[in-house]
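Working notes for the structure below.
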Amino acid sequence: MIIIGERVNATRKRIREALVNKDRDLIASEIAMQDAAGAHWIDLNAGTGSGTTQQEMDDICWIIDIALSCTEKNLVLDSADPVILNHAAAHVDGRRPWMLNSINGELTGKTKEIIDLASTHQVPLIALAMDAEGIPATTEKRTDICMAIMEECKSRGMSEQQVFFDPLVLPIATDTKQALVTFSTIAHIKKHLPKAKTTLGLSNVSHGLKKRSLVNGSFLIAAACYGLDSAICDPTRKSVQRALIMGDLLSDRDRYCRKFSRAVRQGLFNEG
Amino acid sequence: MSKTDCLDALEHVIVMGHLDADDEGFDGMMEGTPGALELTRTAIEEEIDPQNILKTFNRAMEIVGKKFESGEYLLPDMLASAECVGDAMEILEPLLTEGTGSEGKGKFLIATVKGDLHDIGKNIVITMLKGAGYKVIDLGIDVPADEILEGIKKYQPDFVGLSALLTTTMIEMEHVVKKIREAGFDGITICIGGAPTSEEFAKKIGANLHCKDAMDAIEKIKTVRRNIS
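Chains V and S, in that order, are what the protein sequence lines are. Take my numbering: the last position of the first sequence gets the number 272, and nothing is skipped along the way. Take my numbering: the last position of the second sequence gets the number 501, and nothing is skipped along the way.
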């Protein structure tokens with residue numbers, strides 16, 4: 001499972017505060033702890049939701065510089081604004097492999113600019129299975145959106161394997177079918193776009209419930225068994241680590257069950 | 273690398289179940305370093321006596337067996353090591369002359385008897401036997417007595433292994449053993465195994481050995497002198 005570490009996101013209060021206070025150490029430790037926990041990619045999002053474009057441009061460059069100095073891992077440049085992403089990509093300037101997060105099926109001019117950026121540099125791009133009307137409640141509609149996105153990406157010079165589709169998930173608290181809708185969307189993408197990758201954020205599934213980390217972890221294990229390639233998650237959390245290990249174990253991604261056995265030896269599955 | 277260093281390194285990678293450079297090994301740290309296949313080739317290039325390479329395989333598997341018994345290794349760890357030896361044997365085999373010395377291992381013909389479709393246990397035994405240096409002929413599952421007899425005529429094995437996992441099919445073993453003996457193959461060591469079988473049952477039907485699991489099979493057939501026909 002490809003792990004994308006989600007902690008450096010300005011929608012989180014402590015990251016927002018670190019941006020305001022220019023708290024370099026906090027950002028560095030957030031990155032380093034995800035690196036140590038096995039993240040393959042580090043997501044970097046500087047969108048506070050309240051600042052100017054110029055502010056976000058400055059902030060993401062500041063975060064990128066910290067990341068380049070404290071980890072060897074690849075970077076995920078995370079924004080919905082092509083201006084920010086273009087600026088961030090230029091700032092990375094080939095010093096590290098990177099990918100883009102994200103576009104959706106609302107194929108506007110902005111979306112196309114982001115696809116063009118990914119295509120120019122031939123880097124991976126995360127695409128969400130939603131459009132202007134939000135997240136569809138059915139597998140069919142989500143799959144249709146993915147197919148339309150793929151067509152647009154291909155027409156702009158991207159190859160199928162560079163697109164990471166996030167099938168998305170709606171809270172099961174309000175509609176108990178929704179975890180299954182996500183699983184079958186993964187299966188559909190695998191069938192119709194076999195070279196494309198799938199990735200998934202976890203936390204929405206458990207919105208409004210108790211024991212959320214247990215729900216999220218179980219959801220991740222099941223999604224792995226439907227062929228999920230990647231998770232956007234917090235790899236420093238024990239519940240996530242356990243689920244990643246179990247997901248790989250049960251989906252033929254753990255040769256000789258070694259990752260599982262090592263995790264057992266290291267005490268990951270001990271109580272407490 | 274000296275010859276001793278080369279064989280020590282080979283022993284180590286087998287114990288770690290490190291097949292080749294693409295494999296991560298038991299500790300997950302070995303990717304990119306030479307594994308059992310690379311080091312077996314190196315050993316051959318260094319003109320190390322093939323018999324010494326074979327002895328290294330055996331030494332490694334003995335260590336693995338102990339680690340399994342102590343609980344340090346789980347079943348898949350042991351299988352990883354056995355597969356290393358099984359695959360490395362394919363490289364080494366052409367260099368080993370038939371029946372050289374008392375170390376020469378035998379041919380083992382194995383089958384799940386008629387009416388029984390289980391093969392997980394049988395396949396573990398096969399992997400371990402290959403790992404221990406035996407040549408294995410697998411006739412598969414649901415194999416009628418006549419087919420087993422034909423296999424014996426064709427391959428002239430030293431050992432025949434019969435597997436059954438059901439109380440209803442283990443009766444078939446008696447029939448197979450009887451047929452083998454009636455056909456005059458008295459020198460063949462017949463081993464039986466499978467959950468419902470026992471030492472007493474083996475004795476009753478005239479089989480030579482009862483093996484309770486793959487490690488037990490390896491231990492017991494080691495004690496049998498190879499039948500050279």
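Positions of the beta carbon are idealized from the N, C-alpha and C atoms, including for glycine.
Problem set entry | Integer-rounded CB distance, given that S:Ile382 should sit under 8 Å from S:Ile398 | 6 Å
Exercise. Using a C-beta to C-beta distance shorter than 7 Å, which residues of chain V count as neighbours of S:Glu303?
Worked result: None at all; the shortest Cβ gap to chain V is about 11 Å.
Problem set entry | Any chain S beta carbon closer than 8 Å to V:Arg242 | no
Exercise. Which chain S residues sit within Cβ distance under 7 Å of V:Tyr256?
Worked result: Gly289, Pro348, Asp349, Leu351 and Ala352
Exercise. Applying the criterion that 16 or more other CB atoms from any shown protein chain within 10 Å of the CB defines a buried residue, is V:Gly267 buried or exposed?
Worked result: exposed
For this session: Identify whether S:Asn330 lies in helix, strand or coil by the three-state DSSP scheme.
Result: helix
For this session: Return the residues of the segment 329 to 345 of chain S that lie within a Cβ-Cβ distance of less than 8 Å from chain V, sorted by chain order.
Result: none
Exercise. Under a three-way DSSP split, which group does S:Leu381 fall into?
Worked result: strand
For this session: Identify the continuous alpha helix (DSSP H) that holds S:Ala308 and give its terminal residues.
Result: Ala308 to Glu317
For this session: Compare the beta carbon distance of V:Gln161 and V:Lys195 with 8 Å and say whether it is the shorter of the two.
Result: yes
Exercise. Quick one: is S:Ala281 buried, meaning 16 or more other Cβ sit within 10 Å of its Cβ, or exposed?
Worked result: buried
For this session: Please go through the same chain and pick out, in chain order, the residues whose beta-carbon is closer than 8 Å to the beta-carbon of V:Pro235, but skip the five residues on each side of it.
Result: Ile3, Gly5, Gln34, Ala37, Gly38, Ala39, Gln241 and Leu244
For this session: Would you verify that the beta carbon of V:Arg262 is, or is not, closer than 8 Å to some beta carbon of chain S?
Result: yes
Exercise. Should V:Asp78 and V:Asn45 be called a contact, given that it needs their Cβ atoms to be closer than 8 Å?
Worked result: yes
Problem set entry | Contact between the segment 406 to 416 of chain S and the segment 457 to 468 of chain S (3+ Cβ pairs under 8 Å) | no
For this session: Could you tell me how far apart the beta carbons of S:Glu283 and S:Arg331 are, in whole angstroms, since I believe they sit closer than 8 Å?
Result: 6 Å
For this session: Check the Cβ-Cβ distances between S:Gly403 and every residue of chain V, and say whether any is below 8 Å.
Result: no
Problem set entry | Span of the beta strand (DSSP E), counted from its first residue to its last, around V:Thr199 | Lys197 to Gly201
Problem set entry | Burial state of V:Ser261 (16 or more Cβ within 10 Å) | buried
Exercise. Pick from S:Met400, S:Ile452 and S:Met442: whose alpha carbon is nearest that of S:Asp418?
Worked result: S:Ile452
Exercise. On the three-state DSSP scale, how would you describe S:Met400?
Worked result: helix
For this session: Scan the segment 292 to 320 of chain S for residues whose Cβ lies nearer than 9 Å to a Cβ of chain V and list them as they occur along the chain.
Result: Asp295, Glu296, Gly297, Phe298, Asp299 and Gly300
Exercise. Apart from the five residues on each side of it in sequence, which residues of its chain come closer than 6 Å, Cβ to Cβ, to S:Leu481?
Worked result: Cys463 and Lys492
For this session: Starting from S:Lys407, trace the beta strand (DSSP E) both ways and give me its first and last residue.
Result: Lys407 to Asp410
Exercise. Can you name the start and end residues of the alpha helix (DSSP H) that V:Val163 belongs to?
Worked result: Run containing V:Val163: none in the alpha helix (DSSP H); it sits in the beta strand (DSSP E), Val163 to Asp166.
For this session: Check whether the Cβ atoms of V:Leu117 and V:Asn74 sit closer than 8 Å, and answer yes or no.
Result: no
For this session: Excluding the 5 residues preceding and the 5 following V:Val92 in the sequence, name in chain order all residues of the same chain whose CB lies nearer than 7 Å to its CB.
Result: Ile64, Leu75 and Trp98
Problem set entry | C-alpha distance - V:Ala222 paired with V:Val264, whole-angstrom precision | 20 Å
For this session: Starting from S:Thr440, follow the alpha helix (DSSP H) in both directions and report where the run begins and ends.
Result: Thr439 to Glu454
Exercise. Nearest to S:Leu279 by alpha carbon, out of S:Leu346, S:Thr328 and S:Glu317?
Worked result: S:Thr328
For this session: Would you mind working out which of S:Lys494, S:Glu317 and S:Thr384 sits nearest S:Glu444, comparing C-alpha positions?
Result: S:Thr384
Problem set entry | One or two residues paired with V:Gly134 in a DSSP bridge | V:Asp131
For this session: Please state whether DSSP places V:Val76 in a helix, a strand or coil.
Result: strand
For this session: Tell me whether V:Ser184 sits in a helix, a strand or coil according to DSSP, three-state version.
Result: helix
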